[in-house]
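Novice: Following this message is one structure expressed as C-alpha cells.
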Amino acid sequence: MTQAGDIKKQYKKRTLFQETWRRLVKNRGAMLGLAFLVLLVVAAALSPVIFDYEKDVIGQNMQDRLMGPGAAHWFGTDEYGRDLFARVIYGARYSLIIGVGSVLLGLVVGTILGSQAGFHGGVVDSIIMRGIDIFYSIPNIMTAVVIVSLLGPSTVNLMIALAFSCASSFARIVRASVMTIRDQEYVESSYAMGLPTWKIIVKHILPNCLSPIIVQITLLIGTTIISASSLSFLGIGVPAPAPEWGALLSAGRSHIRDASYMCIIPGLAIMFTVLALNLLGDGLRDALDPKLKK
-17 MTQAGDIKKQ
-7 YKKRTLFQET
3 WRRLVKNRGA
13 MLGLAFLVLL
23 VVAAALSPVI
33 FDYEKDVIGQ
43 NMQDRLMGPG
53 AAHWFGTDEY
63 GRDLFARVIY
73 GARYSLIIGV
83 GSVLLGLVVG
93 TILGSQAGFH
103 GGVVDSIIMR
113 GIDIFYSIPN
123 IMTAVVIVSL
133 LGPSTVNLMI
143 ALAFSCASSF
153 ARIVRASVMT
163 IRDQEYVESS
173 YAMGLPTWKI
183 IVKHILPNCL
193 SPIIVQITLL
203 IGTTIISASS
213 LSFLGIGVPA
223 PAPEWGALLS
233 AGRSHIRDAS
243 YMCIIPGLAI
253 MFTVLALNLL
263 GDGLRDALDP
273 KLKK
C-alpha cells in the first residue's frame, strides 16, 4: 500500500511536460525523428556561417559541372558546377521556414475560427463551418496555385497560400475540442462570473485543447513541406536561384539519366524530413493520449 502511494505521489509531482517527455523518450521512432529534426535545424541555422551564399550556393563554376558525389563534393555538383551539398543544406532553411511559418499562420486563423464556431454554436457555427467545408472541397494545391499566381512567386506569398489549407484543418480540430469542453462546470462558472468570452476561450478552453493541436502541427509541417516542394517543382514556388528542395528536384529532372543524384538527393531530403515529422507526430499522439496514461 505504501509503495502504491509513493508511486501515485511521484506521478502527481510530474508536470504535463515532464510526463509527456517521459513517455516520448520510450518511443524509439519518435526520438529518432526528433534527433534528425534537431540535426537538420542546427545545420540549416548554421548554413550561412558554414557556406558563402554568393560563392558556394549560387556561384557558378562550369569546370566542375555535373561531378558525381565524392570527396571534393559530397553530394556532387549540378549543371552549373554548384556544390549540391551546400545547396541542399541551405535549402533546408527555405523548406523549414515555409513549413513552420505556414502552419503557425494557419494555426492562428484556424484557432480563432474553430474556437468561435465551437463555443457559440448555432448560426455562428453553421456560417463558419459551411464556409470551411466549401473551401475544404477545393484541392489544396489548386488553391495554392491560384493564390501564388495572383500574388506572385515569393517565399512570403507561398507561406500565405499554404496557410489556407492549414487553417481549415486546425479549425475542425479546435471546434471539436471546444465543443467537448464548453459545457464543463468550470467553463460555466467562469461565464456566470461575467468573464468575457475571449478570456474564457483563451484561459480556460484552449489550454485543454493543446494535445490534438500539437500533434496536428507536426503532421501538417510535413504535408506543407511536400506542398511547397511541389509548387517549386512546378516553377511557381520560391523563385530561382534560391535552392529550395522542390526547385532542386525540378532542375535535376533534365539530367535524371546522366546525373540521377541531382534528383535522388533532394528527394531523399524531403522524404527523411517528412518521415521524421510523422514519427515525432505519432510519438506525441501516444504520449499525449490520456487513455494510454496509467
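Letter 189 of the sequence shown, counting from 1, is numbered 171 in my numbering, and no numbers are missing. All residues carry an ideal CB built from backbone N, CA and C; glycine is no exception. Since we're looking at a predicted model, the values are computed, not measured.
Going by the beta-carbon positions, is the gap between residue 196 and residue 266 smaller than 8 Å?
Specialist: Here residue 196 refers to the residue found at position 214 when the sequence shown is read from its first residue. Here residue 266 refers to the residue found at position 284 when the sequence shown is read from its first residue. Yes. Within cutoff.
Novice: Confirm, please, whether the CB-CB distance from residue 155 to residue 290 is below 8 Å.
Specialist: Since the first and last residues shown for the chain are -17 and 276, residue 290 lies out of range.
Novice: To which residues does DSSP link residue 240 through a beta bridge?
Specialist: Counting from one through the sequence shown, the residue named residue 240 turns up at place 258. Bridge partners of residue 240: none, in fact.
Novice: Suppose the cutoff is 6 Å on Cβ atoms and the five residues either side in sequence are ignored; what does the same chain contact list for residue 214 look like?
Specialist: Working through the sequence shown from its first residue, we reach residue 214 at position 232. Once the five neighbours on either side are set aside, the close Cβ partners of residue 214 are 220, 226, 228, 229.
Novice: Within 10 angstroms of its Cβ, does residue 108 collect 16 or more other Cβ (buried), or is it exposed?
Specialist: By one-based count along the sequence shown, residue 108 stands at place 126. Per the 10 Å Cβ criterion, exposed.
Novice: Could you check which residue in 69, 177, 3 has the C-alpha nearest to that of residue 222?
Specialist: For the purposes of this step, residue 222 is taken as residue 240 along the sequence shown, with counting starting at 1. The residue with the shortest Cα to Cα distance from residue 222 is 69.
Novice: State the beta-bridge partners of residue 59 as determined by DSSP.
Specialist: Within the sequence shown, residue 59 is the residue found at index 77, counting from 1. In the DSSP output, where bridge partners are listed per residue, residue 59 has 65.
Novice: Give me the Cβ distance between residue 110 and residue 95, rounded to the nearest whole Å; I'm assuming they're in contact under 8 Å.
Specialist: Here residue 110 corresponds to residue number 128 of the sequence shown, with the count starting at 1. Here residue 95 corresponds to residue number 113 of the sequence shown, with the count starting at 1. Correct: roughly 5 Å between the Cβ atoms.
Novice: How many Å lie between residue 217 and residue 194 at the Cα?
Specialist: Indexing the sequence shown from 1 puts residue 217 at position 235. Indexing the sequence shown from 1 puts residue 194 at position 212. In a straight line, the C-alpha of residue 217 is about 34 Å away from that of residue 194.
Novice: With DSSP collapsed to three states, give me the class of residue 112.
Specialist: Looking up residue 112 in the sequence shown gives position 130. In the structure shown, residue 112 sits in a helix (DSSP, three-state: H, G or I).
Novice: Give the single residue among 174, 184, 148, 22 whose Cα lies nearest to the Cα of residue 67.
Specialist: Taking the first residue of the sequence shown as position 1, residue 67 is located at position 85. For the residues 174, 184, 148, 22, the minimum Cα distance to residue 67 belongs to 22.
Novice: Which whole-angstrom value is the C-beta distance of residue 41 and residue 243, which I expect to be below 8 Å?
Specialist: As a working note, residue 41 is residue 59 in the sequence shown. As a working note, residue 243 is residue 261 in the sequence shown. Actually they do not touch by this definition, with Cβ atoms about 20 Å apart.
Novice: Sorted by chain position, which residues of the same chain lie with C-beta nearer than 6 Å to residue 281's C-beta, five sequence neighbours on each side aside?
Specialist: This structure cannot speak to residue 281, because the chain is shown only from -17 to 276.
Novice: What do you get for residue 160, buried or exposed, if any count of 16 or more other CB atoms within 10 angstroms of its CB means buried?
Specialist: Along the sequence shown, one-based indexing puts residue 160 at 178. Counting Cβ neighbours within 10 Å, residue 160 comes out buried, since at least 16 surround it.
Novice: Could you tell me whether the stretch 14 to 29 touches the stretch 71 to 78, using the rule of 3 or more Cβ pairs below 8 Å?
Specialist: The stretch 14 to 29 vs the stretch 71 to 78: in contact.
Novice: Am I right that residue 251 and residue 48 are in contact with their C-beta atoms under 8 Å? What's the rounded C-beta distance?
Specialist: Residue mapping note: residue 251 aligns to position 269 of the sequence shown, counting from 1. Residue mapping note: residue 48 aligns to position 66 of the sequence shown, counting from 1. Actually they do not touch by this definition, with Cβ atoms about 19 Å apart.
Novice: Does DSSP classify residue 276 as helix, strand or coil?
Specialist: As a first step, residue 276 must be located in the sequence shown, where it is residue number 294. Legend: pLDDT at residue 276 = 49, less than 50; position of this residue unreliable, no value from coordinates given.
Novice: If contacts are defined as beta-carbon pairs under 8 Å, then residue 163 and residue 190 qualify, I think. What distance do you get, rounded to the angstrom?
Specialist: If you number the sequence shown from 1, residue 163 lands on position 181. If you number the sequence shown from 1, residue 190 lands on position 208. Their Cβ separation, rounded to whole angstroms, is 5 Å, which keeps residue 163 and residue 190 in contact under 8 Å.
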